[in-house]
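Undergrad: Below are the structure tokens for one structure; questions will follow.
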Amino acid sequence: MPELPEVETVRRGLEPHVLQRRITRVLLREPRLRWPVPEALPRLAAKRRIEAIGRRGKYLLVTLDSGDRMIWHLGMSGRMFVLERGHPLVKHDHLDFELDSGQLLRFHDPRRFGAVLWWPREETEHVLLRAMGPEPFTPAFNGEYLFEKSRGRSVAVKNFIMDGHIVVGAGNIYAAESLFRAGIRPTRAAGKLTRAQCQLLVEKIREVLGEAVELGGTTLRDFAGARGESGYFQQELFVYGREGQSCRVCGSTIKLEVLGARQSCYCPRCQR
DNA sequence: CTGTTAACCTGAGTGC
DNA sequence: TGCACTCAGGTTAACA
1 MPELPEVETV RRGLEPHVLQ RRITRVLLRE PRLRWPVPEA LPRLAAKRRI
51 EAIGRRGKYL LVTLDSGDRM IWHLGMSGRM FVLERGHPLV KHDHLDFELD
101 SGQLLRFHDP RRFGAVLWWP REETEHVLLR AMGPEPFTPA FNGEYLFEKS
151 RGRSVAVKNF IMDGHIVVGA GNIYAAESLF RAGIRPTRAA GKLTRAQCQL
201 LVEKIREVLG EAVELGGTTL RDFAGARGES GYFQQELFVY GREGQSCRVC
251 GSTIKLEVLG ARQSCYCPRC QR
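Just so you know, UniProt numbering puts 258 at position 258 of the first sequence, and the rest follows in order with no gaps.
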């Protein structure tokens with residue numbers, strides 16, 4: 001489900017409800033997520049105050065007053081809702097964090113590709129975050145960086161920019177949309193991009209992700225923010241999910257190709 | 001090292 | 001209605 005804009009939407013939605021709130025109780029119903037939820041997590045997180053909620057790539061980072069942190073990932077189908085205590089349970093409600101405000105954070109994830117992990121304060125670096133590429137909005141992610149990284153790489157540029165070691169946050173939707181706006185065909189070998197194309201692609205990735213964050217993400221099937229709200233970026237899509245329809249710019253028929261087991265839409269005329 | 005594929009899981013949608 | 005089948009926004013492990 002969620003790429004960077006959706007995760008950022010959830011983060012922003014959670015923030016006002018959790019900052020400086022104390023976790024009064026943690027209810028773990030189903031520990032079998034992407035990795036097992038640590039058995040000790042409910043005990044360790046209970047009584048702790050939440051001091052910050054941040055984001056790195058598609059991971060949410062929750063800093064507690066003990067200096068320990070939790071790492072949350074929504075996977076493909078995960079949601080983290082702010083609800084009033086006593087809200088009825090539904091299937092796949094795996095975990096609750098009850099807060100001293102009377103509200104609770106409820107993690108719901110049918111496919112269980114998500115994760116809820118403990119990151120002890122004595123560990124300065126977490127193995128999941130260590131090898132991650134730069135955030136798209138930081139200066140470290142720039143045209144020259146992308147150009148250098150892509151030299152000698154034969155992988156399709158779409159797979160290349162979806163690789164979290166290169167840059168974090170662009171999943172299937174936003175990779176496709178960024179490439180459309182940059183006029184680059186998703187199948188193009190990364191190593192064949194020119195300097196100018198790398199520069200343009202960086203700008204378009206930032207533009208697309210930025211607009212999507214402002215619109216609250218993309219709701220295609222089941223994405224919802226922390227209060228259950230939909231995103232609106234789906235109205236801005238040029239190629240994703242539009243195979244067979246006409247290009248909003250030139251009228252050509254949008255084509256679909258499978259790249260690395262993922263659907264990849266592009267305009268054969270606008271993207272070369 | 002690079003590149004490709006399968007795997008993890010459930011639910012929604014489609015076609016018969 | 002029901003069944004078989006395909007596909008889905010992410011990430012890692014296992015392979016060539």
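All C-beta atoms in this analysis are idealised placements derived from N, C-alpha and C, irrespective of residue type, glycine included.
Throw me the rounded Cβ distance for the residue 116 and residue 70 pair, which I believe falls under 8 angstroms.
TA: 7 angstroms
Undergrad: Can you list the beta strand (DSSP E) stretches of 3 or more residues lying completely in the region 223-258, in chain order?
TA: Entirely contained in the region 223-258, not one beta strand (DSSP E) run reaches 3 residues.
Undergrad: Tell me the rounded alpha-carbon separation between residue 82 and residue 16.
TA: 10 angstroms
Undergrad: With distances taken from CA atoms, which of 88, 26 and 236 is nearest residue 180?
TA: 236
Undergrad: Residues in the same chain with beta-carbon distance under 7 angstroms from residue 124, minus the five sequence neighbours each way, listed in chain order, please.
TA: none
Undergrad: Among 130, 52 and 100, which one has its Cα closest to the Cα of residue 12?
TA: Comparing Cα-Cα distances from residue 12 to each of 130, 52 and 100, the minimum goes to 52.
Undergrad: Rounded to the nearest angstrom, what separates residue 14 and residue 64 at their Cα positions?
TA: 15 angstroms
Undergrad: Taking residue 68 as the reference, give the member of 43, 79, 80 and 89 with the closest Cα.
TA: 43
Undergrad: Could you check what DSSP says for residue 36 in three-state terms: helix, strand or coil?
TA: strand
Undergrad: So residue 155 is in the alpha helix (DSSP H); what residue range does that whole segment cover?
TA: Premise fails: residue 155 is in no alpha helix (DSSP H) and is neither H nor E.
Undergrad: Under three-state DSSP, which class holds residue 141?
TA: coil
Undergrad: Is residue 17 helix, strand or coil when you go by DSSP?
TA: helix
Undergrad: Could you pull out every residue in the same chain whose Cβ sits closer than 8 angstroms to the Cβ of residue 168, ignoring the five residues on either side in sequence?
TA: 4, 56, 57, 58, 132, 133, 134, 135 and 136
Undergrad: Please say whether residue 46 and residue 29 have beta carbons closer to each other than 8 angstroms?
TA: No. Outside cutoff.
Undergrad: Using a Cβ-Cβ cutoff of less than 7 angstroms, which residues in the same chain neighbour residue 103 once the five nearest sequence positions on both sides are dropped?
TA: Cβ within range, chain order: 17, 82, 83, 84 and 85.
Undergrad: Go to residue 184, then tell me how far its beta strand (DSSP E) extends in each direction, as first and last residue.
TA: Unbroken run through residue 184: none, as it is neither H nor E.
Undergrad: Would you kindly work out how many angstroms separate the C-alpha atoms of residue 242 and residue 254, rounded to a whole number?
TA: Computed Cα separation, rounded: 6 angstroms.
Undergrad: Hey, residue 119 and residue 41: beta-carbon distance below 8 angstroms or not?
TA: no
Undergrad: Taking residue 176 as the reference, give the member of 239, 153 and 151 with the closest Cα.
TA: 239
Undergrad: Can you tell me which of the three DSSP states residue 199 falls into?
TA: helix
Undergrad: Please state if the CB of residue 189 and the CB of residue 156 are separated by a distance shorter than 8 angstroms.
TA: yes
Undergrad: Residue 233 to residue 207, Cα distance in whole Å?
TA: 12 angstroms
Undergrad: Leaving out five residues before and five after residue 173 in sequence, what residues of the same chain have Cβ atoms less than 7 angstroms from its Cβ?
TA: If the five residues before and after residue 173 are omitted, its C-beta is found closer than 7 angstroms to the C-beta atoms of 3, 218 and 240, all from its own chain and listed in chain order.
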